[in-house]
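These notes are about the structure you will find just below.
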Amino acid sequence: MLKLQNIIKTFAQLPEAILKNINLQIDANDYCIILGSNGSGKSTLFKIISGEYKADSGAIILHEQNITNQPTHMRARDISCVAQDITKGTISEMTLLENIALSNLRGQRGGFNLILTHHDKIAENLSLLNLDLEKYLNSKMSSLSGGQRQSIATLMAMIPKPSLLLLDEHTSALDPISKQKIMDFTDNYIKENKITTLMITHNIKDALTYGNRLIIMNHGNIIYDVKDKAKSQLTEQGIMNILYENGGIL
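Here it is in structure tokens:
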């Protein structure tokens, strides 16, 4: 489904490449956790897949089509992203109702104004999060907390059931209770709708709990890639050993 071929990315201010000849194939319905410390290249990899960054060299193939030079807005037809940055993924000066309506618009018949009238449907969408956000339907996004905005951005990314879902520390702004609710929602929705997913984390317990595949990155390289039964047999100490042997820490 998704192939990354010989991806290299450098930044002028860094002494070495942030991504070093990355080769990766993601199959349809893979639910892949990407684990690594800050600076390991995880977020840069996501931004190259989404089109926010351009690789120095290499190719990105999605559904057998080369999208390496495709602009971000065209990739968004197939790829949904949730970033750590709470200002991304929602529109600050629009209401919560309007933001959710936008996510319902993709792939649906009828215009934006028509979808806005479907209050029950939008409230139903919000109820999936189990965070009591329905009372904020007419509030502007700018008035909500960072955690609330991040939760709504997650919902908006998932409603269209994209071909590929990218989650970059999508619970980083949440308190522990809200985080668990969002992780439960995310996990159930991905499995029920068979959404091919890449989820970034630096939390080993989350890496062990979620997904059917685990990729570990360190210093711009993929140092470990395991799937299904082999992943289920991993332990926290096992992951720590892999990182230690490759000079990495979390």
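First residue of the sequence shown? That's 516 in the working numbering, and the numbers climb one at a time after it.
Glycine residues also receive a C-beta, built at the ideal position from the N, C-alpha and C atoms.
Since we're looking at a predicted model, the values are computed, not measured.
Contact check for N733 and G762: beta-carbon distance about 7 angstroms, within the 8 angstroms limit, so the pair qualifies. The count of Cβ pairs closer than 8 angstroms, one atom from the segment 678-687 and one from the segment 645-655, stays below three, leaving the stretches out of contact. If you draw a straight line from the Cα of M671 to the Cα of I522, it comes to about 29 angstroms. Under DSSP, no beta-bridge partner is assigned to L758. DSSP, reduced to helix, strand and coil, places S595 within a strand of the structure shown.
Annotation for K650: no beta strand (DSSP E) segment contains it, and DSSP assigns it neither H nor E. Secondary-structure assignment with DSSP links Y546 through a beta bridge to T712. Per DSSP, the beta-bridge partners of S572 are I523. DSSP, read as helix, strand or coil, puts Y725 in coil. For I563, the secondary structure class from DSSP, reduced to helix, strand or coil, is helix. With distances taken between CA atoms, R590 lies nearest to Q580 out of Q580, I637, N736.
With respect to the C-alpha of K720, the residue from I549, T559, S642, E639 having the closest C-alpha is I549. Checking the DSSP bridge columns, you'll see K518 partnered with Q540, I576.
DSSP, read as helix, strand or coil, puts T605 in coil.
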